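Following the numbering used here, the numbering of the sequence shown begins with 375 at its first residue and continues without gaps.
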Amino acid sequence: MLTFAQLIARLKQRYGQLEPPPSRDPFALVMWENACYLLSDERRREVFEALQEQVGMSAAAIARAPDGVLLPLAQRGGMRPEVRVFRWREIARITLQQYDGDLSAILKKPFAEAKRALKQYANIGDPGAEKILLFCGMGAGLPLESNGLRVLTRVGWGRPQKNYGSMYRDVQRNIATVIPAEIESRQQAFLLLREHGRVLCKDKAPRCNECPLAGGCDYAAGLVAAFERMARP
375 MLTFAQLIAR LKQRYGQLEP PPSRDPFALV MWENACYLLS DERRREVFEA
425 LQEQVGMSAA AIARAPDGVL LPLAQRGGMR PEVRVFRWRE IARITLQQYD
475 GDLSAILKKP FAEAKRALKQ YANIGDPGAE KILLFCGMGA GLPLESNGLR
525 VLTRVGWGRP QKNYGSMYRD VQRNIATVIP AEIESRQQAF LLLREHGRVL
575 CKDKAPRCNE CPLAGGCDYA AGLVAAFERM ARP
């Protein structure tokens with residue numbers, strides 16, 4: 375099995391230095407997560423930047439923007455744009471009511487409290503809250519979304535399980551002592567694992583023949599063994 379450092383080095387050689395989300399402000403990152411639904415990163419950035427330019431990336435600006443401005447932007451973010459506008463307004467409302475419009479105040483609180491604060495918002499669960507805090511420069515661990523979790527499980531840093539939460543905790547325990555201490559390195563590790571799961575190590579039809587991790591991957595080795603068994607007379 376590849377060490378964690380070897381794994382990240384190979385991914386970095388394949389994908390290079392990846393661009394982080396476009397802000398280190400927790401409110402902006404909550405809006406980033408809610409900018410679109412089931413669309414590409416490029417479309418997410420497009421919607422986010424249009425919101426920033428045409429409305430302003432603050433709770434007060436979102437709250438006072440008319441539906442006639444927000445709805446066309448939400449339509450660029452995929453299906454159910456009316457629900458998206460509602461969520462944007464709810465994000466603004468919570469931030470104005472509980473944090474006087476400045477969600478960055480949570481970054482001065484203990485990690486667990488900051489995480490609970492973020493989970494009040496639409497589409498932000500435990501991994502999402504941890505990811506936002508990571509890109510705000512807070513926290514000691516390495517959050518994972520589904521792509522990154524799949525990559526680490528397949529290369530042997532966890533066991534495939536029916537229960538997603540159990541599998542997530544299993545991988546987190548296994549990598550806890552080997553992830554880099556520097557927050558920028560952990561940010562890149564998150565981005566690289568996500569990109570690899572999105573591009574090559576897909577849930578269905580993974581492209582193992584192109585994978586820079588295949589030489590140390592339990593999943594790829596299993597596929598090779600299965601093909602060899604099928605080829606026997």
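Don't be surprised by glycine CBs; every beta carbon is placed ideally from N, CA and C. If you're wondering where the values come from, they're calculated on a predicted model, not measured in any experiment.
Asked	Found
Extent of the continuous alpha helix (DSSP H) run through residue 542	538 to 549
Rounded straight-line distance, which links the Cα of residue 474 to that of residue 582	50 angstroms
Separation of residue 384 from residue 573, as counted between CA atoms	15 angstroms
Beta-carbon proximity list for residue 381, same chain, < 7 angstroms, skipping 5 on both sides	529, 587
Beta-carbon spacing of residue 483, residue 503 below 7 angstroms	no
Opening and closing residue of the alpha helix (DSSP H) in which residue 520 lies	520 to 526
Inter-stretch contact at 8 angstroms, needing at least 3 Cβ pairs: the region 506 to 526 / the region 417 to 427	no
Three-state class that DSSP yields for residue 500 in the structure shown	helix
Same chain, Cβ closer than 6 angstroms to residue 477, five either side skipped, listed in chain order	400, 401, 469
Cβ contact (3+ pairs, closer than 8 angstroms) linking the region 553 to 563 and the region 538 to 545	no
Boundaries of the alpha helix (DSSP H) in which residue 462 is found, first to last residue	455 to 473
Simplified DSSP state of residue 408, which is helix, strand or coil	coil
Cα-Cα separation between residue 602 and residue 590, rounded to whole angstroms	Residue placement at residue 602 is poorly supported in this model, since its pLDDT is 48, which falls under 50; the coordinates still yield a value, given next. Taking the straight line joining both Cα atoms gives about 18 angstroms.
Close-in-space but distant-in-sequence residues of the same chain around residue 580 (CB under 7 angstroms, 5 per side omitted)	574
Local Cβ density within 10 Å of residue 407, reported as buried at 16 or more and exposed below that	buried
Where residue 436 sits in the DSSP three-state scheme	helix
Under 7 angstroms between C-beta atoms of residue 466 and residue 433	yes
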